[in-house]
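In what follows, a structure is listed as structure tokens, so that the remarks can point back to it.
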Amino acid sequence: MLTLALSLALLAVIVLIVVRRRHLTLLMSLGSLIAALLAMLWLQDLGLLPGTQGPLTHTRPQTLDDARR
Numbered sequence: 001m002l003t004l005a006l007s008l009a010l011l012a013v014i015v016l017i018v019v020r021r022r023h024l025t026l027l028m029s030l031g032s033l034i035a036a037l038l039a040m041l042w043l044q045d046l047g048l049l050p051g052t053q054g055p056l057t058h059t060r061p062q063t064l065d066d067a068r069r
């Protein structure tokens, strides 16, 4: 739901940039912020951020050797 809301907000900002062509600095900064938030959510869903349960987690997977100890 948050991803959808941020995507719609980014689309609205892009439309405002194209249509109004005023306050470009503010709109581009806002668009960059929204895009960065979307990228962070996407990376978190993939498990690529520290602290998530993905391929870059700090614990290594259990192996057969670990069970013998």
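According to full-length UniProt numbering, the sequence shown is numbered sequentially starting from 1.
The beta-carbon is built from N, C-alpha and C at its ideal position, and this holds for glycine as well.
Checklist entry - From Val18 to Leu24, what does the alpha carbon distance come to, in whole angstroms? => result By 1-based counting over the sequence shown, the position of residue 18 is 18. By 1-based counting over the sequence shown, the position of residue 24 is 24. Rounded to the nearest angstrom, the two C-alpha atoms are 9 Å apart.
Next on the checklist: What would DSSP say about Thr63, mapped onto helix, strand or coil?
Outcome noted: The sequence position of residue 63 within the sequence shown is 63, counting from 1. Note: Thr63 maps to coil in three-state DSSP.
Checklist entry - Looking at the structure shown, is Gly31 part of a helix, part of a strand, or coil, going by DSSP? => result Counting from 1 along the sequence shown, the entry for residue 31 is found at position 31. Per DSSP, reduced to three states, the secondary structure at Gly31 is helical.
Checklist entry - So what does DSSP say about Met40, is it helix, strand or coil? => result One-based indexing of the sequence shown puts residue 40 at position 40. Here Met40 sits in helix by DSSP.
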